[in-house]
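Student: I have a structure I would like to understand better, so I am pasting it below and will then ask my questions one at a time.
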Amino acid sequence: MNPAYRTNPEHRTNPAYRTSPEPRTHLATPHRPATDSLAPAHAHRSAYAPPHYGAAPPRPSGPHTRLITLTPARGADTVLAVARSSAPFDDTELRLLGHAARLLGLLDQARREYRAAADASRAARRAAMELLLDGEVDKARRVMAPQAPGLLEADTARVFVVDVPRTHRDTAVRRCEAVTAGRALVIADPRTDRRIVVVQPVRPGRAADGVGAELTRLIAALGIGSVGGSGVYSMSLLAEALREATAAQGFALQQPGSVALSAHHTDLISLLPAREAQLWARQLLAPLMRNDAQWEQMRDTLLTALAHPYTVAARRLSLHRNTVTRRVARAADALCVDFTSVSDRIAVGLALELVTHREQPGGSAAPGEAPPSLRSLLFSPQVTAWADTLLLSARGDRRDLLTTATVWLTHDAHIEPTARTLGLSEATVRSHLRALEQHLARDLGSLGGLRDLQFSLHVVTGQVEVGEHCGALCPAAN
């Protein structure tokens with residue numbers, strides 16, 4: 001018998017001290033060469049090992065082995081394994097091992113409790129998210145109250161969707177939780193292994209973009225992934241907000257920085273198929289581009305004149321108003337368009353932006369290849385999703401704003417004939433258009449705002465024509 005064990009009766013009765021492994025315990029520490037000091041201590045999980053009939057019997061451990069449980073109250077679950085072959089353990093060394101085991105036991109207990117608390121916290125957040133998506137706002141608030149009192153008390157919120165590779169999601173979740181600092185509900189979406197959902201409650205009078213800015217910086221720092229966001233929704237409509245944020249995240253893949261904090265702020269042009277859009281634009285503007293000097297003059301004038309009244313355009317270009325008017329008239333003749341038509345102004349404005357402000361992708365039209373139509377450009381899946389999301393809020397307005405917008409565009413953005421057709425007062429039409437601007441986050445007095453309204457209505461309702469309904473936009477025929 002080991003002398004150290006024999007000299008201390010406590011060692012014979014205390015289960016924390018054992019001289020050899022019991023049948024239910026695996027000693028996982030590898031055999032080490034003899035040394036004059038204690039071998040490094042290792043904490044190992046024990047497990048019941050059923051006998052393997054026919055297997056070779058295990059080799060007995062050396063005479064100077066100690067397995068000290070770190071959790072004596074619960075039995076041998078985690079043990080400290082210490083072994084050496086030079087000399088028996090003396091009383092001082094055994095006491096030191098006992099102290100080390102108690103310290104390691106406390107650390108092990110803290111780790112277990114932290115893991116249990118973290119698991120409970122994640123489960124509560126997932127449950128709260130599911131309740132919010134089901135419209136059960138009060139229940140979600142009660143679930144989150146012990147963890148984050150007041151977090152969900154706001155009546156409105158935004159939703160963000162962060163998409164990262166599966167292998168990076170756990171890290172991204174922790175960083176999202178850190179940067180939002182208790183201002184948002186963050187969960188790893190159980191429906192997909194790439195997605196993180198962030199709900200930011202928005203209180204009246206407070207900026208709603210703080211979390212979005214933090215997530216934008218996070219994506220930039222990670223160097224991978226993308227983030228999309230929704231507008232501000234009622235807490236009871238977070239399922240709609242999640243759909244918008246998911247669509248925006250899809251748009252973000254086409255955006256600089258892989259960020260689209262709202263579908264309302266997504267650049268439509270970036271969603272168009274790049275090569276086909278360039279072919280369409282260059283075909284449309286070909287009559288102006290044949291002569292370099294003429295093109296340079298017309299390009300600058302048209303970009304400004306289509307976006308502003310001629311008086312404002314003349315001032316910005318340092319030209320006389322009559323000069324601007326003559327150049328615009330010559331361009332209209334060359335392109336066979338009518339710039340009093342909203343559809344024609346929008347189509348030419350889009351073509352100019354594509355040609356002058358967008359990088360031309362490689363590849364040109366093959367011999368005999370017909371250029372795509374504007375309609376075909378607009379019916380890509382990305383543009384369809386963008387249009388549906390852009391009009392989502394306005395569709396729910398009881399004033400039937402989309403009908404007003406459709407008639408208004410049909411009458412080339414003139415208020416009086418629109419009011420007459422709808423049987424409304426001009427003030428009511430103006431009120432509808434102002435409300436529509438709020439829903440779309442667009443200035444309908446600008447060419448870009450008109451363009452997004454026209455294209456989205458064309459895609460979603462099919463009741464608004466785009467600038468290809470006549471032979472005016474067929475420059476190849478000239």
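If you use full-length UniProt numbering, the sequence shown corresponds to residues 1 to 478, in order. Heads up, the beta-carbon is just placed ideally off N, CA and C, and yes, glycines get one too.
Here's the rule: buried if 16 or more other CB atoms are within 10 angstroms of the residue's CB, otherwise exposed. What is Y233?
Tutor: The residue you call residue 233 lines up with position 233 of the sequence shown. So Y233 counts as buried.
Student: DSSP has R376 in a bridge; who is on the other side?
Tutor: In the sequence shown, the residue the question calls residue 376 occupies position 376. Note that residue 376 corresponds to Ser in the displayed sequence, not to Arg. According to DSSP, which records beta bridges pairwise, S376 is partnered with nothing at all.
Student: Measure the Cβ-Cβ separation of A157 and L96 and say whether it is below 8 Å.
Tutor: As a working mapping, residue 157 is identified with position 157 in the sequence shown. As a working mapping, residue 96 is identified with position 96 in the sequence shown. No.
Student: Does the segment 383-396 come close enough to the segment 438-455 that 3 or more CB-CB pairs lie under 8 Å?
Tutor: The segment 438-455 vs the segment 383-396: in contact.
Student: If contact is defined by three or more beta carbon pairs under 8 Å, each pair taking one atom from either stretch, is the segment 244-264 in contact with the segment 215-223?
Tutor: With a cut-off of 8 Å, the segment 244-264 and the segment 215-223 count as touching, because enough Cβ pairs lie within range.
Student: Buried or exposed: where does S446 fall if 16 or more other Cβ atoms within 10 Å of its Cβ makes it buried?
Tutor: As a first step, residue 446 is located in the sequence shown; it is residue number 446 there, counting from the start. So S446 counts as exposed.
Student: May I ask you to report which of helix, strand or coil DSSP gives P201?
Tutor: Numbered from its first residue, the sequence shown carries residue 201 at position 201. Looking at P201 - three-state DSSP - the assignment turns out to be strand.
Student: In angstroms with no decimal places, state the Cα-to-Cα distance between V137 and D155.
Tutor: Sequence index remark: in the sequence shown, residue 137 carries index 137 (1-based). Sequence index remark: in the sequence shown, residue 155 carries index 155 (1-based). So the alpha carbons of these two residues sit roughly 9 Å apart.
Student: Taking C-alpha atoms, which residue in L352, A123, A307 lies nearest to E296?
Tutor: Taking the first residue of the sequence shown as position 1, residue 296 is located at position 296. It is L352 whose Cα lies nearest to the Cα of E296.
Student: Is it true that the segment 422-439 meets the segment 367-384, where meeting means three or more beta-carbon pairs spaced less than 8 Å apart?
Tutor: Cβ pair count under 8 Å is below three, so no.
Student: To the nearest angstrom, how far is the alpha carbon of G462 from that of D193?
Tutor: Residue numbering aside, residue 462 sits at position 462 when the sequence shown is read from its first letter. Residue numbering aside, residue 193 sits at position 193 when the sequence shown is read from its first letter. Straight-line Cα distance between these residues: approximately 37 Å.
Student: Any idea what DSSP makes of A281, helix, strand or coil?
Tutor: Working through the sequence shown from its first residue, we reach residue 281 at position 281. In the structure shown, A281 sits in a helix (DSSP, three-state: H, G or I).
Student: Let me confirm a value: F251 is counted as buried when at least 16 other C-beta atoms fall within 10 Å, else exposed. Which label applies?
Tutor: As a working note, residue 251 is residue 251 in the sequence shown. Per the 10 Å Cβ criterion, buried.
Student: Looking at G229 and S262, is the spacing between their C-beta atoms short of 8 Å?
Tutor: Residue mapping note: residue 262 aligns to position 262 of the sequence shown, counting from 1. Residue mapping note: residue 229 aligns to position 229 of the sequence shown, counting from 1. Their beta carbons are under 8 Å apart, which means S262 touches G229 by this criterion.
Student: Taking 8 Å as the cut-off, decide whether the C-beta atoms of L302 and V328 are in contact.
Tutor: Walking along the sequence shown from the start, residue 302 turns up at place 302. Walking along the sequence shown from the start, residue 328 turns up at place 328. It is a contact, given that the beta carbons lie within the stated cut-off.
Student: How is R111 classed by DSSP in three states: helix, strand or coil?
Tutor: Position 111 of the sequence shown, counted from the first residue, corresponds to residue 111. R111 falls in the helix class under three-state DSSP.
Student: Around the C-beta of A120, are 16 or more other C-beta atoms found within 10 angstroms, so that it is buried, or is it exposed?
Tutor: Position 120 of the sequence shown, counted from the first residue, corresponds to residue 120. Label assigned to A120: exposed.
Student: Can you name, in chain order, every residue of its own chain whose Cβ lies under 7 Å from the Cβ of G135, other than the five neighbours on each side?
Tutor: If you number the sequence shown from 1, residue 135 lands on position 135. Result list for G135: S236, in chain order.
Student: Among the residues of its own chain, which have a CB less than 6 Å from the CB of G212, if the five just before and after it don't count?
Tutor: Here residue 212 corresponds to residue number 212 of the sequence shown, with the count starting at 1. Same-chain partners within the cutoff: G229, L261.
Student: Please identify the residue among S86, R84, L70, L151 whose C-alpha is closest to the C-alpha of R111.
Tutor: The residue labelled residue 111 in the question sits at position 111 within the sequence shown. The residue with the shortest Cα to Cα distance from R111 is L70.
Student: When DSSP labels each residue in this structure, what does D134 get in the three-state scheme?
Tutor: Locating residue 134 in the sequence shown gives position 134, counting from the first residue. DSSP places D134 in coil when its eight states are reduced to three.
Student: Assuming A385 and A181 form a contact by the criterion Cβ under 8 Å, report the distance between their Cβ atoms to the nearest whole angstrom.
Tutor: One-based indexing of the sequence shown puts residue 385 at position 385. One-based indexing of the sequence shown puts residue 181 at position 181. Incorrect: roughly 32 Å between the Cβ atoms, too far for contact.
Student: Can you tell me whether A178 is buried or exposed? The criterion is at least 16 other CB atoms within 10 Å of its CB, across all chains shown.
Tutor: Translated into positions along the sequence shown, residue 178 becomes position 178. Its Cβ having fewer than 16 others within 10 Å, A178 is exposed.
Student: What residues in its chain sit with their C-beta under 7 Å from that of L131, if we drop five residues either side in the sequence?
Tutor: Against the sequence shown, residue 131 aligns to sequence position 131. Answer for L131: K139, A140, V143, listed in chain order.
Student: Within a Cβ cutoff of 6 Å, which residues of the same chain sit near A332, ignoring the five residues on either side of it in sequence?
Tutor: Numbered from 1 along the sequence shown, position 332 holds the residue referred to as residue 332. The residues are F339.
Student: If you compare alpha carbons, which of L242, I196, D267 is closest to D170?
Tutor: Position 170 of the sequence shown holds residue 170. Comparing Cα positions, the closest option is I196.
Student: Can you tell me whether A188 is helix, strand or coil according to DSSP?
Tutor: Locating residue 188 in the sequence shown gives position 188, counting from the first residue. In this structure, A188 counts as strand in the three-state DSSP scheme.
Student: Determine which residues share a DSSP beta bridge with A260 and list them.
Tutor: Mapped onto the sequence shown, residue 260 falls at position 260. Note: A260 sits in a beta bridge opposite G228.
Student: Contact check, A184 vs V199 under 8 Å by CB: the rounded distance?
Tutor: For this step, residue 184 is matched to residue 184 along the sequence shown. For this step, residue 199 is matched to residue 199 along the sequence shown. Between V199 and A184 the Cβ distance is about 6 Å, and since that is below 8 Å, they are a contact.
Student: Do L409 and V466 have their CB atoms nearer than 8 Å?
Tutor: Within the sequence shown, residue 409 is the residue found at index 409, counting from 1. Within the sequence shown, residue 466 is the residue found at index 466, counting from 1. Contact: no.
Student: Which runs of the alpha helix (DSSP H), 4 residues or longer, sit entirely within the segment 402-471?
Tutor: DSSP runs (the alpha helix (DSSP H)) wholly in the segment 402-471: 415-422, 426-440, 447-460.
Student: Using CA atoms only, rank isn't needed, just tell me which of D108, V161, V202 is closest to L215.
Tutor: Here residue 215 is taken as the residue at index 215 of the sequence shown, counted from 1. Ranking D108, V161, V202 by Cα distance to L215 puts V161 first.
Student: Starting from T389, follow the alpha helix (DSSP H) in both directions and report where the run begins and ends.
Tutor: Counting from 1 along the sequence shown, the entry for residue 389 is found at position 389. Where T389 is concerned, the enclosing alpha helix (DSSP H) stretches over 381-395.
Student: Looking at the ligand ZN, does it come within less than 7 Å of E416, judged from the CB to the closest heavy atom?
Tutor: The ligand ZN is absent from the structure shown, which contains no ligand whatsoever.
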